[in-house]
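Some notes on the structure that comes next.
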Amino acid sequence: MIRKRNAIRPFHRAVLLTALACGTPAALAQNTRLPDPIPGTLPTAPFSVTLRPLLKGLVSPVAGAVAPGQPGKLYIVDQVGIVWQAAVDASATEKNRATPFLDVRNRLVTLGARDERGLLGLAFHPDFASNGRFYTYTSEPATAAPDFSTQPAGVAPNHQSVLTEWRVTTAGAVDPASARVLMRIDQPQSNHNAGALAFGPDKLLYVALGDGGAGDDQGPGHAPEGNAQSLAPGNVLGKILRIDPLGSNAANGAYGIPADNPFVGKPGADEIYAYGLRNPFRMSFGPDGTLWAGDVGQGAIEEVNHIIAGGNYGWRIKEGSFLFDANGTGPGFVYAHSPNSPLGLLDPVAEYDHADGVGAPVLRQAVIGGYVYTGTSIGGLQGQYVFGDYIGSTGSGMLLTLGPRNVVQRLAVQRRDPLGMAVLGMAQDASGELYVLASENGSLTGTTGVVLRIAPPPPL
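This is the structure:
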């Protein structure tokens, strides 16, 4: 049972934003960086797993999805712009296991080797078996008018995040002419794009957006208080949105606004479900309806959140459960542990710091949100949230799980310690089994991208 927490009240929000405008939440004259916010190392789970290859030869697999009515398939998103459909049953062979399903490479911005942009999200409508609709989240050139923008006058965005609806034919192939844009969002910078898409038990679509990029959630295209904290008209960055893709009462007429969204009636914020997020790159619904999101931190803390309606998750007032100093003359930093304070901000259910990586401290550490395990092949994982950490081009990616009292634990992989790959995403098939999406170089070059099934270790 997840205890429901109250969203931030208007008075508390005003106090927070006033403090933030003064430089720090506590309005201190000088703060000192915490070099090791969470002392110690991550414990290891009391059991181990193995990884079994499902797909190889991809570039940068970042997400997976299941289409209702197709329990034997897993759809894999390659960031460079291709969705693959892969058979997960035992009858498939390496030669016939995967075929292209959708190619959107011609819609994307030009991607660099370490780009965070691309094809970032995929979700199938719960009624896909009858209506054939699915949705993608892409990074595209800013060639059309945006539905949402934080850009100052005369300053062009880096690109646009585009949410598109597609339909399949009766033969199961994608109809290219069916592409229908639901929304376009100007992005100030090339990073912190988020991109996760997920349908909830309510059959509504949840869309994750980062704070717009750069550092400290500040600069051109960022609100004075930071995009993640802003509920100003047009600012949907640093938020999770909730929409009805089959509706039409949005301002552009392309989708619907659920009447029970927490900010309905506030100009420019009808779509917002939760805010105060830096880069919720991956999110998923658990079997009990809880929305889990891994929010990528800046320089110190990685966090896992339970997302609730109206929740404010603290960025850039906090990073995890620590107060954050946006500095202004250099990179921001955490300086004090402040659990459950300031009032009205929601702390993560689990967090770990950047000193917990293999070969710590490390650079390019980023939480990769996962799934609650509901499969049957690994008894020790039943009901646990399984996720990962990227850890850059060092090949030191980690698999993680939440143990008792939501303690973050390393999930040991037999014959792969360290993992030897960068973890890019997670996937879950219709049977509840889990997959690691990874690559050897953690970049958009080469074809070292793989999809690996998490499996029990072989018997002794």
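No gaps in the numbering here: position 24 of the sequence shown is 24 in the UniProt record's numbering, and each next residue is one more. Yeah, the Cβ is synthetic: ideal placement off N, Cα and C, and Gly gets one too.
Alpha helix (DSSP H) segment containing residue i, residue limits
i: Ala438; result: No alpha helix (DSSP H) holds Ala438; the beta strand (DSSP E) holding it covers 434–439.
i: Phe128; result: 128–131
Beta-carbon separation (whole angstroms), residue i vs residue j, contact threshold 8 Å
i: Asp78; j: Pro61; result: 5 Å
i: Thr50; j: Ala455; result: 5 Å
i: Gly320; j: Gly297; result: 7 Å
i: Gly226; j: Asp211; result: 7 Å
i: Ala87; j: Leu197; result: About 23 Å; that fails the 8 Å criterion.
i: Ala254; j: Val181; result: 7 Å
i: Val80; j: Val59; result: 5 Å
i: Val66; j: Leu54; result: At roughly 14 Å, the Cβ-Cβ gap does not stay under 8 Å, so Val66 and Leu54 are not in contact.
i: Met426; j: Tyr435; result: 7 Å
i: His192; j: Gly213; result: 4 Å
i: Gly369; j: Ala293; result: 6 Å
i: Tyr373; j: Met283; result: Wrong, their Cβ atoms sit about 16 Å apart, outside the cutoff.
i: Arg453; j: Glu433; result: 6 Å
i: Tyr275; j: Leu343; result: About 16 Å separates the two Cβ atoms, so there is no contact after all.
Reduced DSSP secondary structure (H/G/I, E/B, other) of residue i
i: Gln229; result: helix
i: Ala427; result: strand
i: Leu381; result: helix
i: Pro404; result: helix
i: Arg107; result: helix
i: His159; result: strand
i: His306; result: strand
i: Ala355; result: helix
i: Gly121; result: strand
i: Gly392; result: helix
i: Ser149; result: coil
i: Leu419; result: coil
i: Gln409; result: strand
i: Phe263; result: coil
i: Tyr273; result: strand
i: Leu28; result: Model confidence at Leu28 stands at a pLDDT of 46, short of 50, so the residue's coordinates are unreliable and nothing is read from them.
i: Ala198; result: strand
i: Asp78; result: strand
i: Lys203; result: coil
i: Thr329; result: coil
i: Gly311; result: coil
Beta-carbon proximity of residue i to residue j, cut-off 8 Å
i: Tyr390; j: Ala366; result: yes
i: Phe101; j: Ala194; result: no
i: Ser190; j: Ser161; result: no
i: Pro71; j: Pro126; result: no
i: Ala208; j: Pro262; result: no
i: Phe285; j: Leu277; result: no
i: Leu400; j: Arg410; result: yes
i: Asp217; j: Trp315; result: yes
i: Arg133; j: Arg167; result: yes
i: Ser130; j: Gly234; result: no
i: Val104; j: Thr143; result: no
i: Val450; j: Ser48; result: no
i: Ile317; j: Leu345; result: yes
i: His159; j: Pro141; result: yes
i: Gly238; j: Ala228; result: yes
i: Leu419; j: Gly403; result: no
Selection from the options that minimises the alpha carbon distance to residue i
i: Val334; options: Phe324, Ser341, Gly328, Leu343; result: Phe324
i: Leu119; options: Ile76, Arg97, Gly299, Gln151; result: Ile76
i: Glu271; options: Pro245, Ser396, Pro287; result: Pro245
i: Pro39; options: Ala300, Trp315, Phe387; result: Ala300
i: Val304; options: Ala274, Val349, Ala214, Gly311; result: Val349
i: Ala430; options: Leu437, Pro287, Leu345, Asp417; result: Pro287
i: Glu351; options: Ile378, Leu345, Phe322; result: Phe322
i: Pro457; options: Asn406, Leu54, Gly442, Ile378; result: Ile378
i: Gly256; options: Arg242, Gly64, Asn327; result: Arg242
i: Gly289; options: Phe199, Thr445, Thr170; result: Phe199
i: Arg107; options: Asn279, Thr170, Ala98, Ala179; result: Ala179
i: Gly247; options: Thr44, Glu165, Asn340, Gly395; result: Glu165
i: Ala223; options: Pro188, Ala173, Leu204, Ile240; result: Pro188
Segment limits, beta strand (DSSP E) that includes residue i
i: Asp175; result: 174–187
i: Gly286; result: Taken as a continuous stretch (DSSP letters only), Gly286 belongs to no beta strand (DSSP E), as it is neither H nor E.
i: Cys45; result: The sequence as given places Ala at residue 45; Cys does not occur at that position. Segment 44–58, the beta strand (DSSP E) holding Ala45.
i: Ile243; result: 239–243
i: Phe333; result: 333–337
i: Arg97; result: Note, Arg97: premise wrong, no beta strand (DSSP E); not H, not E.
i: Leu346; result: Element bounds for Leu346: n/a, residue is neither H nor E.
i: Ile82; result: 82–87
i: Gly64; result: 61–65
i: Asp325; result: 322–325
i: Leu452; result: 449–455
i: Val296; result: It is not in any beta strand (DSSP E) - Val296 carries neither H nor E in the DSSP assignment.
i: Val372; result: 367–372
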